[in-house]
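A.B. asks: One structure is given below, represented as structure tokens, and several questions about it will come after.
2 protein chains.
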Amino acid sequence: MTEGPTITTIAQRAGVSIASVSRVLNGLPAREDTVRRVLRAADELGYVPNSVARSLRNRRTDQIAFAMADIGNPVYVAMVREIQPVLKEAGYRLLIHSTDGDAGDELGVLRGLRERYVDGLIISPLRGVTREHVEAIVAARAPVVVIGALPEDMPRDALVDNVRTDSRAGVRLALDHLYAIGRRRIGFLNGPLDTVPGAARAAAYREGLEALGLPYDEDLVEVGDFYRDSGARAARALLARAPGVDALMCANDLIALGALDVLREQGRDVPGDVAVVGMDDTDLASVTWPTLTSVSLGSAERGRAAAGLLLDRLQNDRREPRAVVVPPSLTIRGSTTLPGTPPGGAR
Amino acid sequence: MTEGPTITTIAQRAGVSIASVSRVLNGLPAREDTVRRVLRAADELGYVPNSVARSLRNRRTDQIAFAMADIGNPVYVAMVREIQPVLKEAGYRLLIHSTDGDAGDELGVLRGLRERYVDGLIISPLRGVTREHVEAIVAARAPVVVIGALPEDMPRDALVDNVRTDSRAGVRLALDHLYAIGRRRIGFLNGPLDTVPGAARAAAYREGLEALGLPYDEDLVEVGDFYRDSGARAARALLARAPGVDALMCANDLIALGALDVLREQGRDVPGDVAVVGMDDTDLASVTWPTLTSVSLGSAERGRAAAGLLLDRLQNDRREPRAVVVPPSLTIRGSTTLPGTPPGGAR
DNA sequence: ACTCCGGCCGTAAACGTTTACAAGATCCCC
DNA sequence: GGGGATCTTGTAAACGTTTACGGCCGGAGT
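Chains as they are written, first to last, in this note's numbering: chain A, 15 to 361; chain B, 15 to 361.
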């Protein structure tokens with residue numbers, strides 16, 4: 015924990031100026047003799063450049079932040095897993111912020127960008143991008159990539175890149191699949207309608223039924239939270255009200271877990287009596303019993319795309335904002351297929 | 015993304031020197047009139063201090079890094095969940111590194127400390143602290159807290175704080191519990207013996223049986239990896255060799271998941287025919303069916319303790335190194351208790 | 001021998017802060 | 001009104017880099 019050598023120390027020992035030291039260490043042209051002496055001195059002293067001083071001078075920190083709602087959520091973990099290597103490859107360090115879905119915290123991170131402690135930010139705001147978010151982004155002095163929907167009236171000069179998924183199409187995939195395996199009374203366990211995903215999935219459920227020629231029945235819909243226990247509560251309520259359901263579409267894998275708990279507890283066979291589909295296709299989906307058919311919203315791809323966009327933007331400051339849409343896909347597992355039955359229909 | 019105001023800009027606008035600006039912004043005494051003008055100018059300009067420049071001058075970054083093997087591992091997630099708020103409270107930002115259990119990567123982080131991009135580090139090396147780790151830690155210019163075992167010959171001057179758990183005691187807890195519910199042929203599915211936890215758990219299993227007066231039988235032990243599929247393979251092998259086992263002690267929750275898969279597949283009732291205990295008490299333990307009795311190694315506590323030690327050390331550079339040991343505990347769930355039967359024994 | 005050119009190198013400034021020091025302003029008291 | 005004490009302020013240096021600029025030197029061309 016002693017004070018380490020600086021280029022000045024090296025310069026003295028090698029008998030050259032600090033400018034020469036810097037040049038040698040950065041591989042700029044120098045006489046062969048100078049190079050040798052500087053490198054030797056640096057080596058003997060165990061020199062390591064001070065990244066803070068370098069950042070100040072270069073006006074870049076080689077750090078990038080990723081702000082997400084919850085570090086325990088497998089969706090974000092999948093994103094980090096993809097983002098990390100891409101950034102590392104490009105020479106950036108990744109800072110991870112867990113905002114606990116607190117909009118205040120999110121804004122804090124966004125505002126913190128102005129401190130310049132980071133060259134760019136990837137953020138995935140849980141409840142969508144508010145006007146305050148937009149203001150903070152415009153005021154920020156670093157490029158931002160948003161994972162999730164942007165508001166319609168996003169100012170052109172914000173230069174925000176965007177990655178999203180099509181969760182409506184995802185819901186459709188699931189409904190089509192359930193229809194294909196013969197289900198006709200398909201219940202829906204949703205998350206809060208004031209979240210972006212919640213609202214989108216609600217609409218998609220309605221549209222999807224219509225497209226399939228099935229009636230929309232309010233008794234088949236229950237709204238709760240995106241957690242397991244809340245999913246269980248919702249499932250219990252729905253099953254009590256509409257005992258005849260033969261499938262449950264869940265807005266989230268966690269909700270689906272809760273539903274599975276309740277179905278097991280009530281002795282209903284999955285998928286024999288009731289088929290269940292989750293959403294997000296997290297690691298959990300393959301852990302449950304039966305394993306859970308789930309709509310993948312491409313978390314990994316979204317993460318990768320976001321990292322790519324950010325790096326690209328860091329190269330080219332003035333590029334037009336870009337938006338990437340990752341299509342959903344359906345991973346069929348035990349909760350919708352009887353053993354031995356080949357998975358029917360969709361995809 | 016425009017170049018922002020600096021204290022110089024503010025000084026001009028307020029008609030004072032930059033020293034006064036700095037003083038006012040840091041709450042040092044100044045004439046009331048000066049304070050007002052500076053604050054007004056700063057506000058109008060939307061000034062935000064440059065954290066890099068401040069770090070250079072103050073020789074501190076207010077950032078702390080946490081290096082772990084795998085961001086997807088619930089054990090580390092639990093640690094982060096505890097570390098984050100503690101550090102935040104103390105005014106530090108948390109940088110998260112996922113080293114993928116790669117010793118090279120771990121060393122990279124450790125060596126990176128010398129760049130001074132961070133004021134301190136919490137690291138949890140998967141395969142223990144090697145001589146190279148020690149060297150890097152001694153050479154580092156920032157305090158380090160290691161979560162996990164330290165080598166015996168740790169140099170005194172390294173000033174490394176340490177947090178560990180007692181996984182031997184943890185194994186004993188599990189064995190005692192299994193014994194208490196009447197199991198006498200207790201199998202053991204372990205992870206690699208060249209990892210620190212693997213070796214410790216192997217020894218503890220032996221000792222634990224001895225303490226209970228049960229014979230050690232090689233046929234009841236299988237070594238694999240700390241993953242689910244590996245756990246399944248190991249369980250299959252063990253069950254084939256020793257069909258009479260009535261309990262499986264697993265070195266890890268993931269291994270236990272694999273074992274549950276196999277038992278279900280073979281139609282053996284859990285816990286009726288075979289009781290199962292996992293280790294780490296991750297979130298997964300409450301997701302499975304049946305839910306999994308698991309030894310908690312206090313990930314959360316360890317994280318909290320590590321953060322505490324680091325903060326403390328940052329206050330007091332010269333303090334003697336300290337070691338915290340977090341005792342294990344047992345969380346009893348469905349995989350060792352028949353419904354209706356009160357959990358017996360241990361604890 | 002003079003000029004010109006190119007290659008290396010050192011001096012110094014800059015990045016945006018904080019802070020030691022000394023000078024100027026203000027006040028109080030005699 | 002002079003003198004000291006106290007408060008406030010500005011100047012400048014420092015943190016550790018990178019880099020523009022100009023100087024020096026040696027060699028080549030005339």
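Ideal Cβ positions, reconstructed from N, Cα and C, are used throughout, including at glycine. Remember, it's a predicted structure, so these values are computed and weren't measured experimentally.
Report yes if the C-beta distance between PHE240(B) and LEU268(B) is below 9 Å; otherwise report no.
C.D. replies: Yes, they are a contact pair.
A.B. asks: Which runs of the beta strand (DSSP E) at least 3 residues long sit entirely within the region 271-355 of chain B? Give them in chain order.
C.D. replies: Entirely contained in the region 271-355 of chain B, the beta strand (DSSP E) runs reaching 3 residues are, in chain order, 289-293, 307-310, 337-340 and 343-345.
A.B. asks: I think LEU306(A) touches THR179(A), with their Cβ atoms under 8 Å apart; what is that distance to the nearest whole Å?
C.D. replies: Between THR179(A) and LEU306(A) the Cβ distance is about 19 Å, and since that is not below 8 Å, they are no contact.
A.B. asks: Of all the residues that make up the region 56-75 of chain B, which are near chain A by a beta-carbon distance shorter than 8 Å?
C.D. replies: Going along the region 56-75 of chain B in chain order, one finds GLY60, VAL62, PRO63, ASN64, SER65, VAL66, ALA67, SER69, LEU70 and THR75 with a Cβ nearer than 8 Å to chain A.
A.B. asks: Compare the Cα-Cα distances from ALA90(B) to each of LEU70(B), HIS111(B) and GLY105(B) and report the closest residue.
C.D. replies: The amino acid occupying residue 90(B) in the given sequence is Tyr; Ala does not appear at that position. The shortest C-alpha separation from TYR90(B) is found at HIS111(B).
A.B. asks: Between CYS264(B) and ASP84(B), what straight-line distance do the alpha-carbon atoms span, to the nearest angstrom?
C.D. replies: Cα-Cα distance, rounded: 20 Å.
A.B. asks: First and last residue of the beta strand (DSSP E) that includes ALA261(B)?
C.D. replies: That run of the beta strand (DSSP E) goes 261-264.
A.B. asks: Quick one: residues in its chain with C-beta nearer than 8 Å to the C-beta of LEU234(B), no 5 flanking neighbours on either side, listed in chain order?
C.D. replies: Result list for LEU234(B): ARG199, ILE200, GLY201, PHE202, LEU252, ALA256 and VAL259, in chain order.
A.B. asks: Would you say ALA153(B) lies against chain A (beta-carbon separation less than 9 Å)?
C.D. replies: True, the Cβ-Cβ gap to chain A drops below 9 Å.
A.B. asks: For SER313(B), which residues in the same chain have their Cβ closer than 6 Å to its Cβ, ignoring the five residues on either side in sequence?
C.D. replies: Same-chain partners within the cutoff: VAL89, ALA92 and MET93.
A.B. asks: Which same chain residues, not among the five before or five after PRO19(B), have their C-beta less than 6 Å away from its C-beta?
C.D. replies: Correct list, in chain order: LEU59 and TYR61.
A.B. asks: When the distance is taken between beta carbons, is ILE161(B) closer than 9 Å to SER138(B)?
C.D. replies: A contact, by the Cβ cut-off of 9 Å.
A.B. asks: Grab me the residues of ASP208(B)'s own chain with a C-beta within less than 8 Å of its C-beta, minus the 5 sequence neighbours each way, in chain order.
C.D. replies: Correct list, in chain order: ARG141.
A.B. asks: Could you tell me if VAL185(B) is buried or exposed, where buried requires 16 or more neighbouring beta carbons within 10 angstroms of its beta carbon?
C.D. replies: VAL185(B) comes out buried.
A.B. asks: If I measure Cβ to Cβ from LEU298(A) and keep anything under 6 Å in the same chain, skipping five residues before and after, which residues do I get?
C.D. replies: For LEU298(A), where only same-chain residues beyond five positions count, the Cβ hits under 6 Å are ASP267.
A.B. asks: Do the region 120-131 of chain B and the region 335-352 of chain B touch if we need at least three Cβ pairs shorter than 8 Å?
C.D. replies: Contact fails: fewer than three Cβ-Cβ distances are below 8 Å.
A.B. asks: Between which two residues does the beta strand (DSSP E) harbouring GLU224(B) extend?
C.D. replies: Segment 210-226 is the alpha helix (DSSP H) holding GLU224(B); no beta strand (DSSP E) there.
A.B. asks: Buried or exposed for PRO211(B), please, with buried defined as at least 16 other CB atoms from any protein chain shown within 10 angstroms of its CB.
C.D. replies: Flag for PRO211(B) reads buried.
A.B. asks: At a CB-CB cut-off below 8 Å, which residues of chain B make contact with SER112(A)?
C.D. replies: Correct list: VAL94, ARG95 and GLN98.
A.B. asks: Could you pull out every residue in the same chain whose Cβ sits closer than 7 Å to the Cβ of ARG197(A), ignoring the five residues on either side in sequence?
C.D. replies: Closer than 7 Å at the Cβ level, and outside the excluded window around ARG197(A), lie ASP260, ALA261 and ALA289.
A.B. asks: Under 8 Å between beta-carbons, which chain B residues line up against THR307(A)? List them in chain order, please.
C.D. replies: None at all; the shortest Cβ gap to chain B is about 16 Å.
A.B. asks: Reducing DSSP to helix, strand and coil, say where ASN87(A) ends up.
C.D. replies: It is coil, neither helix nor strand.
A.B. asks: Go through its chain and collect everything with a Cβ distance to SER31(A)'s Cβ below 7 Å, but skip five positions before and after it.
C.D. replies: ALA25.
A.B. asks: Quick check on DSSP: helix, strand or coil for GLY238(B)?
C.D. replies: In the structure shown, GLY238(B) sits in coil (DSSP, three-state: anything other than H, G, I, E or B).
A.B. asks: So with Cβ pairs under 9 Å, would you call THR23(B) a contact of chain A?
C.D. replies: False, the Cβ-Cβ gap to chain A never drops below 9 Å.
A.B. asks: Work out the CA separation of LEU135(B) and LEU109(A) for me, nearest whole Å.
C.D. replies: Roughly 14 Å between the two C-alpha positions.
A.B. asks: Given a cut-off of 9 Å, decide if ILE97(A) and ARG318(A) are closer than it, judged by their beta-carbon atoms.
C.D. replies: Yes, the pair counts as a contact, with Cβ atoms nearer than the cut-off.
A.B. asks: Can you name the start and end residues of the beta strand (DSSP E) that THR11(A) belongs to?
C.D. replies: Because chain A in this structure spans residues 15 to 361, residue 11(A) falls outside the shown range and cannot be described.
A.B. asks: Within 9 Å (strictly less), CB to CB, does LEU262(B) reach chain A?
C.D. replies: Output row for LEU262(B): interface = no.
A.B. asks: I'd like the ranges of any beta strand (DSSP E) spanning at least 3 consecutive residues and lying wholly in the region 56-114 of chain A.
C.D. replies: Within the region 56-114 of chain A, the complete beta strand (DSSP E) runs of at least 3 residues are 77-82 and 107-112.
A.B. asks: Just the C-alpha distance for THR23(A) and LEU42(A), rounded to the nearest angstrom, thanks.
C.D. replies: Taking the straight line from one Cα to the other gives about 20 Å.
A.B. asks: For the beta strand (DSSP E) containing GLY134(B), name the first residue and the last one.
C.D. replies: GLY134(B) -> beta strand (DSSP E) spans 134-137.
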